[in-house]
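Residue numbers (this note's numbering), protein chains in the order written: chain F, 1 to 115; chain U, 1001 to 1115.
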C-alpha cells in the first residue's frame, strides 16, 4: 500500500519537442510496485500545451482542475474539471490549457511499460 | 476518443457481501475500446464502506471528493480529496467514508480483465 499526494511527487519538466509550459508528476507507478499501469499527472500552465503526438497505447485522463481542449484531427473538444477522457492507441492528440489564468491539471494513466 | 463525466455514467449498486451504501460507475473501460485498464468510480455514502477483501490485481485510487479511511491489517490510514493510493495485488483492504454528511468519491482503476 502506498498513499501520496501531488505535493510529495517530484515536478519534472519534460524535454518533449512541441510541448510548452507543462509539468509532469508520477504519483503512482512501477516504482511503487504497481504491476500493470501508472498514474501520471500533467499540469499545463495558461498558454501551454502538450505535444501533438500519437503512441501505441491508450491514455485514460481525469481532469482534476481547470479547463482545456483535447485536439484530435484538427477538432477541439472542450474538457473541464470532472471530465474523463479516453485516447485510444495510435490516435493523434494534443491537450491545451483553455484558460488565461488557471492551471489545467489532469491524471494521465498509461500501461506501466510506457512510463 | 471518448469524453464523458459522472452524470452520464450509469449508477450501479454492487451486489457485494460486506458492502454498505456504495454506488459504482464505470466512466472508461473496455466497453469504450480501452485495451489495458479501466477507470471505475465508487461513491461511498456517509456510514458506508466497501467490503474488506483482496484480489490478485492492483488498484490505483484518486480521491475526487470527501474524507475516508483505507483499512489494511486493522490499521486505518486516512485519505482525503486529492490523495492517490495504491493497493497492491493480494493486499487485504477496505475503504470507509469518514464523514457524517459528505459522500466519499474515488477513482478505482483496475486492469480491464477484472472489470
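No residue lacks a Cβ here, since even glycine has one placed at the ideal position from N, Cα and C.
What does residue i pair with, by DSSP beta-bridge criteria?
i                      : result
residue 1055 (chain U) : None, per the DSSP bridge assignment.
residue 1028 (chain U) : U:1039
residue 1096 (chain U) : U:1049, U:1069
residue 1080 (chain U) : U:1067
residue 61 (chain F)   : F:85, F:108
Is the distance from the Cβ of residue i to the Cβ of residue j below 8 Å?
i                      : j                      : result
residue 1101 (chain U) : residue 1048 (chain U) : no
residue 149 (chain F)  : residue 91 (chain F)   : For residue 149 (chain F) there is no data in the structure shown, the boundaries of chain F being 1 and 115.
residue 1109 (chain U) : residue 1072 (chain U) : no
residue 1063 (chain U) : residue 1080 (chain U) : yes
residue 28 (chain F)   : residue 1084 (chain U) : yes
residue 16 (chain F)   : residue 51 (chain F)   : yes
residue 1086 (chain U) : residue 2 (chain F)    : yes
residue 1115 (chain U) : residue 1008 (chain U) : no
Grab the span of the beta strand (DSSP E) containing residue i for me, first residue to last.
i                      : result
residue 73 (chain F)   : Careful: residue 73 (chain F) lies outside any beta strand (DSSP E) and carries neither H nor E.
residue 1014 (chain U) : Element bounds for residue 1014 (chain U): n/a, residue is neither H nor E.
residue 1106 (chain U) : 1104-1111
residue 83 (chain F)   : 83-87
residue 1002 (chain U) : 1002-1005
Would you please state the rounded distance, in angstroms, between the beta carbons of residue i and residue j? I believe it to be under 8 Å.
i                      : j                      : result
residue 82 (chain F)   : residue 104 (chain F)  : 13 Å between Cβ atoms; not a contact.
residue 1022 (chain U) : residue 1042 (chain U) : 6 Å
Should residue i be labelled buried (16 or more other beta-carbon atoms within 10 Å of its own) or exposed?
i                      : result
residue 25 (chain F)   : buried
residue 66 (chain F)   : buried
residue 1053 (chain U) : exposed
residue 1010 (chain U) : exposed
residue 106 (chain F)  : buried
residue 1058 (chain U) : buried
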